[in-house]
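Under my numbering, the first residue of the sequence shown carries the number 57, and numbering increases by one thereafter.
Even glycine gets a Cβ: it sits at the ideal position worked out from N, Cα and C.
This report refers to the structure that appears directly beneath it.
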Amino acid sequence: MTTWLNFNELSTYLKLPKSTLYKMTGAGQVPGHKIGRSYRFDRDEVDKWIKTGGKHTSKRRRSGSAV
Numbered sequence: 057m058t059t060w061l062n063f064n065e066l067s068t069y070l071k072l073p074k075s076t077l078y079k080m081t082g083a084g085q086v087p088g089h090k091i092g093r094s095y096r097f098d099r100d101e102v103d104k105w106i107k108t109g110g111k112h113t114s115k116r117r118r119s120g121s122a123v
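Set out below in structure tokens:
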């Protein structure tokens, strides 16, 4: 079963300030899923992201990106 975390929970889990997570998520550096206006983070994806040294290849495309 997937465990979903919100910003507060992820901040506590990673022991990082929320402001840092907002910046990293906005830059596509953290594996997250946008649902409406908020993000949710799959704990298993976050664990894999940490184990790979924080490397994340975002499948998400920003508006205005070349396809």
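Annotation: the continuous alpha helix (DSSP H) that includes R99 extends over 99 to 107. Along the length of the segment 65 to 92, whole alpha helix (DSSP H) runs at least 4 residues long occupy 74 to 82, reported in chain order. Between the alpha carbons of Q85 and G110 lies a gap of roughly 8 Å. By the 16-neighbour rule on beta-carbons within 10 angstroms, L66 is buried. For S94, the closest C-alpha among the options W105, Y78, K71 is that of Y78.
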